[in-house]
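All remarks here apply to the structure that follows.
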Amino acid sequence: MNDAVSAIATRIDHVGIAVPNLDDAIEFYRSAFGLESVHEETNEEQGVREAMLQIGDSYLQLLAPLSDDSPIGKFLDRNGPGIQQVAFGVDDIEAAGDQLRSAGVRVLYDSPKIGTGGSRVNFVHPKDCGGVLVELVESTGDLH
Numbered sequence: 004m005n006d007a008v009s010a011i012a013t014r015i016d017h018v019g020i021a022v023p024n025l026d027d028a029i030e031f032y033r034s035a036f037g038l039e040s041v042h043e044e045t046n047e048e049q050g051v052r053e054a055m056l057q058i059g060d061s062y063l064q065l066l067a068p069l070s071d072d073s074p075i076g077k078f079l080d081r082n083g084p085g086i087q088q089v090a091f092g093v094d095d096i097e098a099a100g101d102q103l104r105s106a107g108v109r110v111l112y113d114s115p116k117i118g119t120g121g122s123r124v125n126f127v128h129p130k131d132c133g134g135v136l137v138e139l140v141e142s143t144g145d146l147h
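For the sequence shown, the numbering used here gives the first residue as 4, with consecutive numbering after it.
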């Protein structure tokens, strides 16, 4: 196991699923699995409307595009609906990014972005993670 990664990833924060219609997806997960949406928001910067459905100490994040040219819109066009990301919780987003960069792992943004519920987020390039988009999340406590 890589000590740099194990030292910074504190939990699985959420699994993100790209969906074409957020309301339909929320209803499906409610009726099929009994999951309720505990938070919904629109993130204009990321071009997404999203919902967080709590499962124990983690979340299922449903992501619907605001436009076809948004990252989620492009993902849906290329892949169809499905798992788009896995998010790891970190205590310090800057330190996590610095550790990963020093290990030769590509972090997508120089500075963290604002994510769900005001969290601070960054992403690790999928080509460095076996094809998986990994999100790093420093929680503000609004959802955790």
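Using N, Cα and C, we set each Cβ at its ideal position, and we do this for glycine too.
Check                                                                  : Outcome
Cα-Cα separation, Y112 to E138                                         : 11 Å
As assigned by DSSP and simplified to three states, the class of E39   : coil
Straight-line gap, L65 to I11 (C-alpha atoms, nearest Å)               : 25 Å
A99, enclosing beta strand (DSSP E) - first and last residue           : Here A99 belongs to no beta strand (DSSP E); instead the alpha helix (DSSP H) covers 96-105.
Inter-residue CB distance, P115 and I96 (contact presumed, cutoff 8 Å) : 5 Å
Unbroken alpha helix (DSSP H) run spanning R81, endpoints              : 74-82
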